Amino acid sequence: MSIFGVLTGGGDCPGLNAAIRAVARGLMAEDHDVVGIRDGWRGLADAEMLPLTRRAVAGILPRGGTILGTSGFDPFREESGVEKLLDMSRSLDIEGVVAIGGEGSLGIAHRLYAEHGFPVVGVPKTIDNDLAGTDITIGFDTAVHVCTEAIDRLHTTAESHNRVMVVEVMGRNTGWIAVASGVAGGADVILVPEVPTPIEDVCDHIRGRHDDGRDFSIVVVAEGYPLTRRSGEQEDLVIQDLDRYGYARLGGIGRVVADEITRLTDFETRVTVLGHVQRGGTPTARDRLLATRLGLKAAELAAAGTWGRMAAVRGNEIVDVSLEEAIRARRTVPASWIAAGRVVA
Ligand code: F6P
33 MSIFGVLTGG
43 GDCPGLNAAI
53 RAVARGLMAE
63 DHDVVGIRDG
73 WRGLADAEML
83 PLTRRAVAGI
93 LPRGGTILGT
103 SGFDPFREES
113 GVEKLLDMSR
123 SLDIEGVVAI
133 GGEGSLGIAH
143 RLYAEHGFPV
153 VGVPKTIDND
163 LAGTDITIGF
173 DTAVHVCTEA
183 IDRLHTTAES
193 HNRVMVVEVM
203 GRNTGWIAVA
213 SGVAGGADVI
223 LVPEVPTPIE
233 DVCDHIRGRH
243 DDGRDFSIVV
253 VAEGYPLTRR
263 SGEQEDLVIQ
273 DLDRYGYARL
283 GGIGRVVADE
293 ITRLTDFETR
303 VTVLGHVQRG
313 GTPTARDRLL
323 ATRLGLKAAE
333 LAAAGTWGRM
343 AAVRGNEIVD
353 VSLEEAIRAR
363 RTVPASWIAA
373 GRVVA
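Under the numbering used here, read the sequence shown as residues 33 to 377, first letter to last.
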């Protein structure tokens with residue numbers, strides 16, 4: 033019998049608790065003890081943990097957020113952070129850690145494993161769906177569901193008032209949420225970072241719709257879309273602020289796009305920024321299933337001592353890939369998805 037730790041790092045998302053529960057139950061089924069590490073990698077460095085008994089994980093499956101708390105703490109960027117974390121893990125006799133995270137937290141997991149032989153297994157989560165090595169990440173389906181519902185609601189107001197409604201969604205530097213919810217919600221224009229449509233083309237499309245007698249339009253814009261002009265000129269990404277390590281937090285492009293549409297077409301325009309609503313609330317059934325399957329796979333890998341891997345989805349199968357592969361490159365939206373969105377717009 034050994035002790036394993038589980039943590040959630042980076043931004044929260046729906047499905048984290050389902051994953052925690054599956055990891056804990058998978059390891060308990062093999063007669064191991066499991067501790068929950070508080071607030072991501074910080075909890076390991078500071079030895080802040082709680083026992084994850086069967087009772088502790090009962091009833092958390094449908095709950096959004098994470099019962100463990102989360103943070104963007106990076107031991108590699110803190111004074112003696114890595115030494116502290118490694119010492120603490122050894123002194124607490126932790127056999128290995130299951131890290132449920134996105135690019136940042138799993139990047140830390142990979143470095144700890146590659147540079148220090150730290151025993152860690154990853155589980156992919158992020159509403160952005162931008163991790164390589166897996167076809168889908170925990171939280172994406174729920175975020176798309178929330179955005180699609182919002183677009184449906186905005187449709188009725190747009191139609192009633194003959195307005196252009198601009199909806200800004202998250203996704204950091206990729207347009208997965210924008211494309212998926214835009215297509216599912218029947219948006220008229222979808223703006224993504226991967227293939228940034230010039231704003232003049234957007235206005236032509238909206239004018240064309242008006243000429244056709246459709247006096248409203250829905251424009252979905254990913255927060256990472258850079259305002260682009262036909263001349264090829266591109267504006268910098270709109271940044272809200274920087275986090276403690278200097279990473280940019282995006283947000284605000286919706287307003288910029290709406291102002292440009294008003295300036296170029298004179299149509300009445302409104303902006304909705306969905307923000308953290310996309311990350312909140314109860315996970316969809318699909319996210320719960322995904323989190324459970326990935327969590328069980330991670331528990332299996334950890335119990336077998338197969339470190340440096342990440343549970344992942346390939347087609348309909350749950351597989352494992354190296355952490356290195358998972359964080360090597362950002363997974364962007366394929367051109368075929370973007371083209372499909374344009375055909376149906
Ligand atoms: O990575 C998930 C995400 O929600 C991004 O889509 C968004 O850019 C970012 O996190 C927001 O970060 P924060 O929660 O720190 O505002």
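For every residue, glycine included, the Cβ atom is placed at its ideal position computed from N, Cα and C. If you're wondering where the values come from, they're calculated on a predicted model, not measured in any experiment.
Among V365, R239, D268 and V303, which one has its Cα closest to the Cα of V252?
Counted from its first residue, the sequence shown places residue 252 at position 220. For V252, the nearest C-alpha among the options comes from V303.
Distance cut-off 8 angstroms: E255 Cβ against heavy atoms of ligand 1:
Numbered from 1 along the sequence shown, position 223 holds the residue referred to as residue 255. At least one heavy atom of ligand 1 is found less than 8 angstroms from the C-beta of E255.
If you draw a straight line from the C-alpha of G43 to the C-alpha of G278, how long is it?
Sequence index remark: in the sequence shown, residue 43 carries index 11 (1-based). Sequence index remark: in the sequence shown, residue 278 carries index 246 (1-based). In this structure, the CA atom of G43 is about 16 angstroms from the CA atom of G278.
Is I222 helix, strand or coil by DSSP?
For the purposes of this step, residue 222 is taken as residue 190 along the sequence shown, with counting starting at 1. Note: I222 maps to strand in three-state DSSP.
How would you call I271, buried or exposed, if buried means at least 16 neighbouring beta carbons within 10 angstroms?
Translated into positions along the sequence shown, residue 271 becomes position 239. Counting Cβ neighbours within 10 Å, I271 comes out exposed, since fewer than 16 surround it.
Alpha carbons only, please: which of G165, D275 and C179 is nearest the one belonging to R346?
Along the sequence shown, read from residue 1 onward, the residue named residue 346 stands at position 314. Measuring from the Cα of R346, the nearest candidate turns out to be G165.
Would you check if there are 3 or more beta carbon pairs closer than 8 angstroms linking the segment 148-168 to the segment 197-211?
These segments touch.
Distance between beta carbons of L259 and I293, contact taken as under 8 angstroms
Here residue 293 refers to the residue found at position 261 of the sequence shown. Here residue 259 refers to the residue found at position 227 of the sequence shown. The beta-carbon separation of I293 and L259, rounded to 11 angstroms, does not stay under the 8 angstroms limit for a contact.
Would you say E226 and V365 are within 9 angstroms of each other, going by their C-beta atoms?
Translated into positions along the sequence shown, residue 226 becomes position 194. Translated into positions along the sequence shown, residue 365 becomes position 333. One thing to note: E226 has its Cβ within 9 angstroms of the Cβ of V365.
How far does the beta strand (DSSP E) with E135 in it extend, from its first residue to its last?
Here residue 135 is taken as the residue at index 103 of the sequence shown, counted from 1. Under the DSSP assignment, E135 falls outside any beta strand (DSSP E), being part of the alpha helix (DSSP H) whose first and last residues are E135 to H148.
Quick one: measure Cβ to Cβ for V55 and A358, integer angstroms, because I've assumed they're closer than 8 angstroms.
As a working note, residue 55 is residue 23 in the sequence shown. As a working note, residue 358 is residue 326 in the sequence shown. About 17 angstroms; that fails the 8 angstroms criterion.
Could you please give me the residues that DSSP links to T304 through a beta bridge?
Reading the sequence shown from its first residue, position 272 is the one you call residue 304. Beta-bridge analysis with DSSP links T304 to V199.
Run the CB neighbour count on M197, radius 10 Å, all protein chains shown included, and call it buried at 16 or more, exposed below.
Counting from one through the sequence shown, the residue named residue 197 turns up at place 165. For M197, the number of other beta carbons within 10 angstroms of its own is at least 16, and it is reported as buried.
Determine which residues share a DSSP beta bridge with Q266 and list them.
Sequence index remark: in the sequence shown, residue 266 carries index 234 (1-based). Its beta-bridge partners are T260.
Just the C-alpha distance for G85 and G91, rounded to the nearest angstrom, thanks.
Stepping through the sequence shown from its first residue, residue 85 is reached at position 53. Stepping through the sequence shown from its first residue, residue 91 is reached at position 59. Going by the sequence as given, residue 85 is Thr instead of Gly. Rounded to the nearest angstrom, the two C-alpha atoms are 12 angstroms apart.
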